[in-house]
Amino acid sequence: MVGYDRHDSGVPRSGVGEAGEVRGAAAGGRERDHVGVHVERRRERADACHQQLARIPPRPDRARPAAHAGQLTVTTIAFDRLQHLVQVPVTVGTTEYPFLVDTGIGTTVISSALADRLDGATTGETFTGRRMSGQAIEVPLVRVPRIALGDYVVEGHVAGVADLGDAFAGILGPTFFENQTVTTDPDAKTLSIQPREEFLADGPEIPLDVRRESVSADPFAQLVLPSGREITVEVDTGSDSLILDARFAADCGIDLEGPDVTTRTGTDETGYVWQRQWATIAGSVHLAAAPQTAQAAPRILFQDIIHDGLVGTGYLERYRMTFDITGARLVLGTRTL
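Quick note on numbering: the sequence shown equals residues 1 to 337 in the UniProt record's numbering.
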């Protein structure tokens, strides 16, 4: 979903999306402070970018994780937070920049300012994706010569270009981590990357439906609502909230016209008028493959969106989460604290 439009996280979503997801700076329409607005926009652009990627010349990214003879190859990086989002130091060329990590953005996105520093990196192609609320966003594509996250290095990685504001220089999408597992430890505040064949699952494994188009990849899983209805949601660490299409409110026991529902409206930079409604439900929700991860009485954002829903960090970071885009699985391990 390259089209940043981070709903309600308060992160600049040009960076963050309409509901707290990460998107691009022009995504607008979030009721956020500056950070929230940037992330919203970025995420919407990212959302958009990863859904309809124009064809890229066939030249695969080359990943070079650190090699240690006789030892497991693990790269561990300390991260900071930009609101709910994981932010890590990334080296592009010889210069270090702050990047976000977002499972729901589809393809990596870099800022216009950073792209301007990459001589001759344009592919001549564009990527058109759609925001969570459906608007099409088109971005140019560049091939970044070298991106390093600690000892993990990817050469020739293709990224979209968007106005991300000043809070961060880019967003690493799932395809940056091909053939790796990525573990987020919210207690140690570390991000660990290792070859997927070396990773030993430390919790329930949730199968993912990874929807790919060119260099974009979007992970989806099954979620069970209080009514017992099973829906398909995007696994989106760019969002903090659990976001559901408004048609599922009744399955959660919610009357969107009721007095306990908070409603907000706004207009994004494309002129789209959105309405978001928040309510705390009485029941619980859980990933279908892992009933033991049920979350009771979550606060849910309801909106008319193009997916059934998105499951964000409010659900996922109750665990030590490992993401394996190539193996199409999510592992939720026990937190250390």
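Virtual Cβ for every residue (Gly too), placed ideally from N, Cα, C.
So, is T334 buried or exposed, given that buried needs 16 or more other C-beta atoms within 10 angstroms?
-> So T334 ends up on the exposed side.
Mind pulling the alpha helix (DSSP H) runs of 4 or more residues that sit fully within the segment 84 to 167?
-> Segments of the alpha helix (DSSP H) lying fully in the segment 84 to 167: 112 to 116.
Is D245 closer than 8 Å to G309 when the C-beta atoms are compared?
-> When the beta-carbon positions are compared, G309 and D245 come within less than 8 Å of each other.
Neighbourhood of A136 by C-beta distance below 6 Å, restricted to the same chain and skipping five residues each side = Excluding residues within five positions, the ones whose Cβ falls inside 6 Å are T128 and R130.
Report, in whole angstroms, the separation of the C-beta atoms of I206 and L332, which I expect to be a contact under 8 Å.
-> Under the criterion of beta carbons closer than 8 Å, I206 and L332 qualify as touching, at roughly 7 Å.
Go through its chain and collect everything with a Cβ distance to A169's Cβ below 7 Å, but skip five positions before and after it.
-> Same-chain partners within the cutoff: Y97, P98, F99, I110, S111 and L114.
Helix, strand or coil for V273 per DSSP?
-> In the structure shown, V273 sits in a strand (DSSP, three-state: E or B).
For S227 and P89, the rounded distance between their alpha carbons = The C-alpha of S227 is placed about 43 Å away from the C-alpha of P89.
Just to confirm, are W274 and R299 a CB contact at a threshold of 8 Å?
-> No; because the gap between Cβ atoms is not below 8 Å, this pair is not in contact.
Straight-line gap, F302 to V224 (C-alpha atoms, nearest Å) | Note on geometry: alpha-carbon atoms of F302 and V224 lie some 16 Å from one another.
Buried/exposed call for G253, threshold 16 Cβ in 10 Å | Classification for G253: exposed.
List the DSSP bridge partners of G333.
-> Under DSSP, G333 forms a beta bridge with R320.
Could you work out which residue in T322, R329, D268 and P259 is closest to M132 when comparing CA atoms only?
-> Of the listed residues, the one whose Cα sits closest to M132 is D268.
Out of curiosity, what's the CA-to-CA distance linking R196 and I306?
-> In a straight line, the C-alpha of R196 is about 31 Å away from that of I306.
What residue ranges within the segment 177 to 245 form continuous beta strand (DSSP E) runs of no fewer than 3 residues, ordered along the chain?
-> Within the segment 177 to 245, the complete beta strand (DSSP E) runs of at least 3 residues are 180 to 185, 190 to 195, 205 to 207, 209 to 213, 216 to 224, 230 to 235 and 242 to 245.
What number of angstroms, rounded off, separates the C-alpha of L242 from the C-alpha of Q83?
-> Rounded to whole angstroms, L242 to Q83 spans 16 Å at the Cα level.
C-alpha distance - E155 paired with R143, whole-angstrom precision | So the alpha carbons of these two residues sit roughly 9 Å apart.
Give the straight-line distance between the Cα atoms of V153 and D304, rounded to the nearest whole angstrom.
-> Cα-Cα distance, rounded: 39 Å.
Taking Cβ to Cβ, would you say V86 is nearer than 8 Å to I147?
-> I147 sits away from V86, with the two beta carbons spaced by 8 Å or more.
Report the rounded CA-to-CA distance for T237 versus D209, giving the unit in angstroms.
-> Put simply, the backbone Cα of T237 is about 16 Å away from that of D209.
According to DSSP, residues forming a beta bridge with L301 = DSSP output for L301 lists I243 and W278 as bridge partner(s).
Report the three-state DSSP secondary structure of G314 (helix, strand or coil).
-> Helix.
Endpoints, the beta strand (DSSP E) within which T293 is located = Segment: none, T293 is in no beta strand (DSSP E) and carries neither H nor E.
Bounding residues of the beta strand (DSSP E) (the contiguous stretch that carries G170) = Per DSSP, G170 belongs to the beta strand (DSSP E) from G170 to L172.
Tell me, please, whether the segment 286 to 298 touches the segment 209 to 220 by the rule of three or more beta-carbon pairs shorter than 8 Å.
-> The answer is no - the segment 209 to 220 does not touch the segment 286 to 298, with fewer than three Cβ pairs under 8 Å.
Inter-residue Cα distance where the pair is A78 and G258 = Going by the C-alpha atoms only, they are around 44 Å apart.
Cα-Cα separation between T293 and D202, rounded to whole angstroms = For T293 and D202, the distance between alpha carbons rounds to 14 Å.
Return no unless some Cβ of chain D is closer than 8 Å to the Cβ of L118.
-> The structure shown contains no chain D; it is built from a single protein chain.
Given a cut-off of 8 Å, decide if T175 and A217 are closer than it, judged by their beta-carbon atoms.
-> For the pair A217 and T175, the CB atoms are nearer than the 8 Å cut-off.
Using only alpha-carbon positions, find the residue among D163, I193 and F177 that is nearest to E138.
-> Answer by Cα proximity: D163.
Spatial distance of F323 from T263 (CA atoms) = Distance between the alpha carbons of F323 and T263 is about 33 Å.
Would you mind giving the Cβ-Cβ distance between T76 and E178, rounded to the nearest angstrom? I have them listed as a contact below 8 Å.
-> With 8 Å as the limit, T76 and E178 do not qualify as a contact, their Cβ atoms being about 19 Å apart.
In whole angstroms, what separates the C-alpha of Q51 from that of D80?
-> Confidence in Q51 is poor, its pLDDT being 40 and thus under 50, which makes the residue's placement unreliable; the coordinate value appears in the next sentence. For Q51 and D80, the distance between alpha carbons rounds to 28 Å.
Roughly how many angstroms lie between the CA atoms of S284 and P219, to the nearest whole one?
-> As the crow flies, the alpha-carbon of S284 is around 22 Å from that of P219.
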